[in-house]
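S.K.: Please see the structure below; I have some questions.
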Amino acid sequence: MKRLLYLFVLLLSLSLWSCGSKDDGIDDPDVPENPEQPENPENPDVSEYVELYVSKDNLVIEAQGGEVSFDIECNTKWSIENESGWCKTDVASGEGGGTVKVTAEAYYENADRNAVLTVKAGDKTKTVQVTQKHEDALILSKDKFDVAQEGGTISVEWQSNVDCRLTIPWKFDSWIKEAPKSKGLVTMTFDLVVSENETYDKREGFVIVSGNGLKDTVHIYQVANERTLILNQASHDVPAEGGTVEVELKSNVNYRMTIPTDARKWISQVTTRALRVERFVFRVAANTSYDSRKAAIVFEDRNSDLSDTLYICQKQTDALLLGKKEFTVSGKGENIEVGLKSNIDYEVILPDWISRLQTKALVEEVLTFQVAKNDGQDVRKGEIVIKDKKSALSETIRVVQGTAEIYLGDLVFSSVDNVKAFAVAGYKKIAGSLTITGSLVNLTNLDNQLEEVRDNLIFECSSLTSFDGLYGLKRIGGNLTIKKGRFTSFEGLNNLGYIGGSFRITSSLGSLQNFSGLGSLSEIGGDFETSFLESLENFVGLDNLRRIGGSFRITSSLESLQNFSGLGSLTEIVGDFEVSSSSSSLGSLENFVGLDNLCRIGGSFRITSDYSLASLQNFSGLGSLTAIGGNFISKNKSLSTLTGLEKLVTVGGEMNVRLSESEDAHFTALQSVGGALSLFSNSTSSQSNLSLPALKMVGGAFTIIGVNAIGTLDNLKTVGDITIKDCKELTDFCNWKPVLMNYNGTFSVSGCGYNPTKYQILNGACSKY
C-alpha cells in the first residue's frame with residue numbers, strides 16, 4: 010500500500026511540473042535541470058528515492074528468553090545498529106527484503122530491560138523497540154521478629170514487582186493485626202501491631218505476604234509475661250509408712266528441680282504422662298530410722314535467681330534394722346556378725362546348722378553367728394529371722410554357703426607352688442579375681458580344673474607363653490585383661506564361652522597373628538580393645554562371637570592387620586566402634602571385610618586417623634549395617650568411596666565424612682541424621698558426586714564441601730542451616746527447591762560454579778544454564 014501511495018505522489022508531481030509555466034520568471038530550486046540524472050553527492054550509488062519498510066516497530070521477549078522476528082523491505086542496501094549486549098540479531102546488514110531474527114537469553118532481574126534496533130538505508134531510518142519482561146519476585150528484608158511481652162508495632166519491609174497482599178491466619182489474628190495506613194500513602198512495608206502477652210507462656214505466630222503466585226512468611230515470636238515460679242503448697246508432712254506428695258507448679262521459665270542427694274534414697278519423682286509437667290508427684294519411702302527427717306526440693310530458674318522450695322517432713326517409726334542382710338560363707342564354716350538397731354522386744358529364729366554365739370564383751374546391737382562346715386557337695390541357703398514378739402515386724406538375714414569347690418575371695422598366682430596348692434585343694438571356681446604374675450612359664454599344674462572366675466582374670470606375667478592348663482575354664486564374670494605375656498595364640502582357652510566384663514590386650518604380643526583358641530567365645534559383656542599386636546593379621550578364632558556389650562576399639566600398633574576376618578558371627582556392638590591411630594600403625598588395614606553380619610552399632614562409629622590408615626579406601630564389609638546410635642566420624646584422608654554403607658538407614662548423632670579423590674558418595678538408604686551432617690572432599694575429579702535420595706531429616710547443620718554434583722533431595726523435610734561451598738563444578742541447584750519451599754534456616758552457597766541465593770532458586774534461577 011505504501012508503495013502505491015508513493016508512486017501516485019510521484020506521478021502527480023511530474024504532472025504538475027510538466028504543466029507549469031517557464032515564463033513566470035521564477036525558478037523552482039527543487040526541480041533539477043536534468044531530471045534524467047538526479048544528483049546524490051554523498052552516495053552516488055544510491056537512488057534519491059530510497060524505500061525502507063519494517064513490519065514491526067515493537068518486539069517483546071519473555072523472561073525465560075527466546076526468539077522473535079521482523080521483516081525488512083528495501084530497494085537498496087540496509088544495515089542494523091544494536092548497542093545492547095543482551096539483544097542479538099542473526100544478521101547485521103542486507104540488501105532488498107529479508108527476515109531478521111532477534112534472540113535473548115533468560116533474564117532473572119526484577120525490572121524490564123529495553124534495547125533499540127536502528128535500521129538504516131541511505132538517508133532513511135527505522136527503529137524497532139525490543140523489551141524483555143522481568144521475572145516476578147517477592148523478597149522480604151527480614152522474616153523473623155522478636156517482640157517484647159508488652160507488644161508493639163513492627164514493620165515488614167519487602168521488595169517486589171508484583172502486587173502483594175498480607176494474610177494473617179485466623180489463629181493469630183487475636184494478637185497480631187495490620188496497622189491502618191494513612192490515605193494516599195505509597196509504601197513498601199506492612200506495619201503490624203502485636204498486642205501485649207498477658208499469659209505466662211511465650212507465643213509464636215506468622216503472617217503471609219503473597220502476590221502473583223509468590224509468597225513468603227514472616228515469623229513473630231513474643232516472650233511471656235514476667236518470670237514466674239510459684240508452688241501451690243510449700244510444705245508437706247508425711248507419715249512414717251510413706252506415701253505420695255502432689256504439688257502444683259505455676260511457671261513460665263526454663264526451670265530445674267533438685268532433690269538433695271541424701272534425700273534421693275527415700276524421695277523419688279513419679280513421672281506423669283503430661284507433655285509438660287506442671288503437676289509433680291513424689292513418692293516418699295517408709296521411714297525405718299529412729300529419727301524424723303526433712304528434705305528441701307528446690308525449683309529454680311536456670312537463667313536467674315528466681316526459685317521456690319518444697320519441704321517434705323516425715324515422722325519416725327518403730328524400727329528393726331540390720332546392718333547387712335546377706336552373707337556368703339565358705340564351705341569350711343566361719344563366724345558372721347550382724348549389726349542390729351531396734352527399739353522393740355525381738356527374737357531370733359535360726360536354721361539347725363547356724364548357732365548364735367555369746368561373747369563376754371557382748372554389745373547388745375551386734376549379733377554373732379557361727380556357720381558350721383559344709384561337708385556336702387551342694388551349696389546351701391538359709392535364713393535368720395529376727396522378729397518382734399508382739400507384732401508382725403521382722404527382718405531376715407539370708408546366708409548362702411558354698412561347697413569345697415568354691416574359693417571365696419581374690420587369688421594371686423605368682424609361683425608354681427601356689428598354683429599346685431590350689432589344684433591339690435580341688436577348687437573349681439573362684440568367687441573373686443585371679444591375677445597371674447611373677448615368673449610363671451605355664452599353668453599346666455592347674456590340671457584344667459578351674460571352671461569359673463567370677464570376677465576379673467588378669468595376666469601380668471611377662472614369662473608366660475601359653476594358656477595350657479585352663480582348658481576347663483568356661484566363664485569369666487569380670488574382665489579378661491592381658492597386661493604382660495609372650496602368647497602366640499589363645500590355645501588353652503578353647504572352652505571359654507563368656508566374658509562378663511571387658512576383653513583388653515594392653516601389652517605387646519609380638520608373635521600373635523590371630524585369636525585362634527577362642528572358638529567357643531560367644532559374648533563379651535564389656536569392651537573389646539586391642540593394641541600393641543604388631544603381627545596380628547585378622548580376628549580368626551573369634552568365629553562364634555555374636556555380641557559385644559561395650560565398645561570395640563582398635564587404637565595403635567597393629568601394623569599387620571588387614572581386615573576383620575573371623576568376626577562373621579558378630580551382629581551387634583552396643584557401644585562404640587572405633588579405629589584410631591596417630592601414626593602409620595594401621596597402615597595395612599584395607600577394609601572392613603569380616604563384619605558382614607554386623608547390623609547395629611549402639612554408640613558411635615569413629616575413624617579418627619588422618620594418614621595412618623593409608624590402605625583403607627572404602628567401607629566394604631559393612632553391607633549389613635543399618636543403624637549407628639551415636640556419631641559417625643570418618644576423617645581418614647585415604648577414603649575414595651563410601652562403598653559398603655549402602656544399607657545404612659540412621660545415624661543418631663553427628664555424621665562427618667571426609668573423602669579423597671572420590672568418584673561416588675552414595676548413601677542410598679540413609680534416612681535420618683540426629684545431629685549435624687558434614688560431607689567434604691579434597692577431590693579434583695569432575696566425576697565426583699553425592700547422592701542422598703532417601704534422606705528425610707538432619708537434626709543439625711548440613712554442610713557440603715568439594716563435591717561436583719548433588720543428587721535428588723525430594724524427601725528432605727527437616728534440616729538445620731545449610732552450607733555449600735568450594736564445589737567448583739556445581740552449577741545446578743534445582744533439586745534444592747523442594748527443600749527450600751518451607752525452609753526458615755540459613756542457606757549459604759559460596760565458591761561454587763554457580764552461587765544462587767535461596768530466593769533465586771525458589772524463583773526459578775536454580776541453574777547457571
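With the first letter of the sequence shown counted as 1, position 580 gets the number 589 in the numbering used here; the numbers rise by one all the way through.
A virtual CB, placed ideally from N, CA and C, is assigned to each residue, including glycine.
From a predicted model like this one, the values you see are computed outputs, not experimental measurements.
#1: Taking 8 Å as the cut-off, does the region 253–272 touch the region 336–347 (at least 3 CB pairs, one atom from each stretch)?
#2: Between the C-alpha atoms of L518 and W362, what's the straight-line distance to the nearest angstrom?
#3: Just the Cα atoms here: how many angstroms apart are V256 and R212?
#4: Under 8 Å Cβ to Cβ from G729, same chain only, skipping five residues before and after it: list those, please.
#5: Tell me which residues share the same chain as F499 and place their Cβ nearer than 7 Å to its Cβ, disregarding the 5 neighbours each side in the sequence.
#6: Within 10 angstroms of the Cβ of T108, are there 16 or more other Cβ atoms? Answer buried if so, exposed if not.
#7: Of the residues D426, L701, R463, which one's Cα is nearest the Cα of T453?
#8: Under a Cβ-count criterion, where at least 16 other Cβ atoms within 10 Å of its own Cβ denotes burial, should N206 be classed as buried or exposed?
#9: Do you know whose CA, among P702, D132, I533, lies nearest Y58's CA?
#10: If you measure between the beta carbons of F601 and F573, is that distance less than 8 Å?
#11: Which of the three DSSP states is assigned to Q278 in this structure?
#12: Beta-carbon separation of N465 and N488 under 8 Å?
#13: Out of S364, I239, G575, T136, point me to the one whose CA is closest to Q379's CA.
#14: Which whole-angstrom value describes the C-beta separation of V218 and L175, a residue pair presumed to lie in contact below a C-beta threshold of 8 Å?
#15: If I'm right that R513 touches E538 with Cβ under 8 Å, what's the distance once you round it to whole angstroms?
#16: Rounded to the nearest angstrom, how far is the Cβ of R556 from that of E581, given a contact under 8 Å?
#17: Suppose only complete runs of 3+ residues qualify. What are the beta strand (DSSP E) ranges in the region 453–515, listed by chain order?
#18: Are the beta-carbon atoms belonging to S531 and L502 less than 8 Å from one another?
#19: If you compare alpha carbons, which of K303, S529, T732, S511 is closest to P248?
#20: My understanding is that G251 touches V290, with C-beta atoms under 8 Å, so please give their C-beta distance in whole angstroms.
#21: In the DSSP assignment, find the beta strand (DSSP E) that holds I321 and state where it starts and stops.
#22: Tell me which same chain residues have a C-beta within less than 8 Å of the C-beta of L739, skipping the five on either side of it?
#23: Taking the beta strand (DSSP E) that L349 falls in, what are its first and last residues?
#24: To the nearest whole angstrom, what separates the beta carbons of T677 and A703, a pair I think is in contact under 8 Å?
#25: Using the Cα positions of N263 and S316, report the straight-line distance between them to the nearest angstrom.
#26: In or out: D246 buried (at least 16 other Cβ within 10 Å) or exposed?
#27: State yes or no: is the C-beta of E71 within less than 8 Å of the C-beta of T85?
#28: Restricting to Cα atoms, I'd like to know which of K492, L201, G535 is closest to Y507.
#29: If I follow the unbroken alpha helix (DSSP H) through K65, where does it start and stop?
#30: Quick one: any contact between the region 78–96 and the region 148–159, if contact means 3 or more CB pairs under 8 Å?
#31: Three-state secondary structure (DSSP) at S633?
#32: Using 7 Å as the cut-off, classify the Cβ of Y230 as near or not near the heavy atoms of the ligand SAH, replying yes or no.
#33: Tell me which residues share the same chain as V279 and place their Cβ nearer than 6 Å to its Cβ, disregarding the 5 neighbours each side in the sequence.
#34: Identify, in the order they occur along the chain, each residue of the same chain with its Cβ nearer than 6 Å to the Cβ of L722, setting aside the five sequence neighbours on each side.
#35: Helix, strand or coil: how does DSSP classify A685 here?
#36: If distances are taken between C-alpha atoms only, which option among S544, W275, L576 comes closest to E568?
M.R.: Taking the coordinates as given:
#1: no
#2: 51 Å
#3: 26 Å
#4: A685, V707, G708, G709, A710, F711, G754
#5: F476, F524, S525, G526, L527, G550
#6: exposed
#7: D426
#8: buried
#9: D132
#10: yes
#11: strand
#12: yes
#13: S364
#14: 6 Å
#15: 5 Å
#16: 5 Å
#17: 466–469, 489–493, 512–514
#18: no
#19: K303
#20: Their Cβ separation, rounded to whole angstroms, is 13 Å, which puts G251 and V290 out of contact at 8 Å.
#21: 316–323
#22: V716, N717, A718, I719, I733, C761, G762, Y763
#23: 343–351
#24: 7 Å
#25: 11 Å
#26: exposed
#27: no
#28: G535
#29: Here K65 belongs to no alpha helix (DSSP H), and DSSP marks it neither H nor E.
#30: no
#31: coil
#32: This structure lacks the ligand SAH; in fact it carries no ligand of any kind.
#33: V290, R292
#34: N744, V748
#35: coil
#36: S544
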